[in-house]
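For reference, the structure discussed in these notes is given below.
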Amino acid sequence: MQEDDINLLTVIKGTCKYRRSRRKDWVSDFLPPSFSEYDHAFNRSYGIVRLIVSPAMFSTMENGNIVRGLGGIPSKGPVMLVGSHMLLGSEISSLVQEFLIEKNIMVHGMAYREIFSQRFEDPSKSFSLLDIFKVFGALPVSTRNICKVLSNNSHVLLYPGGIREALHRKGEHYKLFWPDKPEFVRIAAKFGATIIPFGAVGEDDMVELLPDYDDRMKTNNSIKLRNERDGKVSHENLFFPNICPKIPGRYYFLFGKPMQTKGKEILLEEMEYRKCFYMQIKSEVEQSISYLLKKREEDPYRGLFERTLYRAFSASIDHDIPAFDP
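Sequential numbering of the sequence shown, starting at 11, is according to this note's numbering.
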C-alpha cells in the first residue's frame with residue numbers, strides 16, 4: 011500500500027497507530043525515521059523550504075564563544091532545548107533537520123496537543139504534512155512525555171510560549187509569551203538535564219501579518235488560548251492569521267551557553283531560586299533574539315537573490331551558505 015511514495019509503515023507511524031503494547035505510550039512507541047522517510051520529508055515535502063530559508067545555525071561553547079554550527083550542543087543527553095516560536099512554528103523543521111544532519115540527534119519536540127486530535131485530521135488523505143512532524147519525533151506536550159524523554163537521556167524541544175507564541179498577532183513577532191510558573195526547570199532538575207536556551211529570527215523577512223484578528227474573533231469556531239501571564243486558559247481564541255508573503259530573507263538560530271541543573275537539585279527545590287533560574291533562561295532567549303536581529307544586518311547572504319547567486323557558483327545546492335561572523 012503506497013500513496014505519493016508514502017508506505018504503510020510511515021502512515022502507521024505518522025497517524026500514531028503503532029503500539030509496542032496494549033497501552034499507548036507516546037515515547038516508547040516512537041520508531042526513528044528511516045532514510046526513505048528522511049528523503050521524503052526534507053528533500054521533497056520540505057526541501058523547497060530549506061532552500062528558501064537557508065537556516066544559519068550558531069551555538070555557544072562552554073567558554074562563551076559563539077561558533078557557526080551546533081558545536082556547543084552536548085551530544086549526550088538529557089538535554090532540554092528551550093526557545094521561542096516564530097509564526098506557525100515555521101522554524102521547527104529547520105531545527106530538527108540540522109540536528110539530524112550535524113549531530114545525528116533526534117530531537118523530540120513537545121507539540122500542541124490538538125495536533126494529535128481528530129480535529130486536525132484530513133479524512134480525504136491517509137497522510138498529511140502534520141503527520142511528518144510525528145514521524146520526526148513530535149510528541150503531545152505533557153509532563154509525563156517530557157520526563158520519559160529526559161529519562162532516556164534524549165533531547166527534548168520545549169516552547170514555554172506554546173501555541174500563543176506560534177499564532178501571535180501583528181506587531182508581536184519575537185515577543186515571548188511565557189507562563190509565570192517555572193515548571194520545566196523543576197522537571198529538568200529532576201533528571202539533571204542540561205538546558206540550552208535559544209532564539210530564532212527571520213519570520214519578518216518572510217511574511218507580513220495582516221491585521222484581521224478582530225474579524226476572526228467574531229467567529230465561533232475557535233480554540234481557547236493560554237493567557238500569557240498566568241498560563242491558564244483565558245478568553246482569548248486560537249486563530250490562524252492571514253499573511254502576505256515577502257521576498258524571502260533568511261532564518262537564524264542562536265543556541266546559548268549550556269545551563270547545568272546537575273548538582274543544583276537541592277537549590278532548585280526552592281521556589282525563589284527556581285524562579286531566578288527560569289528568568290535567567292528567558293533572558294538568554296531574549297538576548298539571543300536581539301543578537302540575531304542585530305548581526306543579520308551584517309550577513310551579505312541575507313537576501314534570496316544573493317543566496318541564489320552563491321548557489322549558482324558553488325559545488326552543491328546543499329552547500330552551507332556563509333553568514334555573518336559571530
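All C-beta atoms in this analysis are idealised placements derived from N, C-alpha and C, irrespective of residue type, glycine included.
Helix, strand or coil at residue i [DSSP, three-state]
| i | result |
| --- | --- |
| MET289 | helix |
| THR271 | coil |
| ASN53 | helix |
| LEU220 | coil |
| VAL59 | helix |
| ILE205 | strand |
| ASN73 | coil |
| VAL37 | coil |
| ASN163 | coil |
| LEU18 | helix |
| LEU186 | coil |
| GLU112 | helix |
The alpha helix (DSSP H) enclosing residue i, as first and last residue numbers
| i | result |
| --- | --- |
| LEU177 | First-last for LEU177: undefined, no H or E at that position. |
| SER317 | Going by the sequence as given, residue 317 is Arg instead of Ser. From DSSP, the alpha helix (DSSP H) with ARG317 extends over 314 to 323. |
| ALA333 | Careful: ALA333 lies outside any alpha helix (DSSP H) and carries neither H nor E. |
| PHE126 | That residue, PHE126, is in no alpha helix (DSSP H); it is neither H nor E in DSSP. |
| ILE197 | 193 to 200 |
| TYR311 | That residue, TYR311, is in no alpha helix (DSSP H); it is neither H nor E in DSSP. |
| SER46 | 45 to 48 |
According to DSSP, residues forming a beta bridge with residue i
| i | result |
| --- | --- |
| LEU149 | MET120 |
| PHE68 | ARG78 and LEU264 |
| LEU105 | For LEU105, which the question treats as bridged, DSSP gives no partner whatsoever. |
| LEU168 | VAL92 |
| GLY211 | Contrary to the premise, residue 211 reads as Val rather than Gly in this sequence. Note: VAL211 sits in a beta bridge opposite TYR262. |
Host beta strand (DSSP E) of residue i (start-end)
| i | result |
| --- | --- |
| TYR262 | 262 to 265 |
| PHE253 | In the sequence as presented, Phe is not what sits at residue 253; that position holds Ile. Start and end: 253 to 255. |
| GLY93 | 89 to 93 |
CB contact flag (residue i, residue j, <7 Å)
| i | j | result |
| --- | --- | --- |
| GLU213 | LEU97 | yes |
| PHE287 | VAL195 | yes |
| GLU178 | VAL117 | Before going further, note that residue 178 is His rather than Glu in the sequence given. Not in contact: HIS178 and VAL117 (Cβ atoms no closer than 7 Å). |
| GLY209 | SER298 | yes |
| LEU219 | TYR262 | no |
| LYS285 | PRO192 | yes |
| LYS205 | ALA198 | One detail in the question is off: residue 205 reads as Ile in this sequence, not Lys. Cβ distance < 7 Å, so ILE205 and ALA198 count as in contact. |
| SER94 | VAL217 | no |
| GLY172 | LEU186 | no |
| PRO43 | ASN163 | no |
| PRO310 | ILE62 | no |
| LEU167 | GLY119 | yes |
| LEU140 | ILE156 | no |
| ILE291 | VAL92 | yes |
Whole-number beta carbon distance between residue j and residue i, since they are thought to touch under 8 Å
| i | j | result |
| --- | --- | --- |
| GLY202 | THR153 | With a Cβ gap of about 17 Å, GLY202 and THR153 do not count as contacting. |
| LEU80 | PHE109 | 7 Å |
| ALA176 | ALA148 | Contact flag wrong, Cβ pair sits at about 13 Å. |
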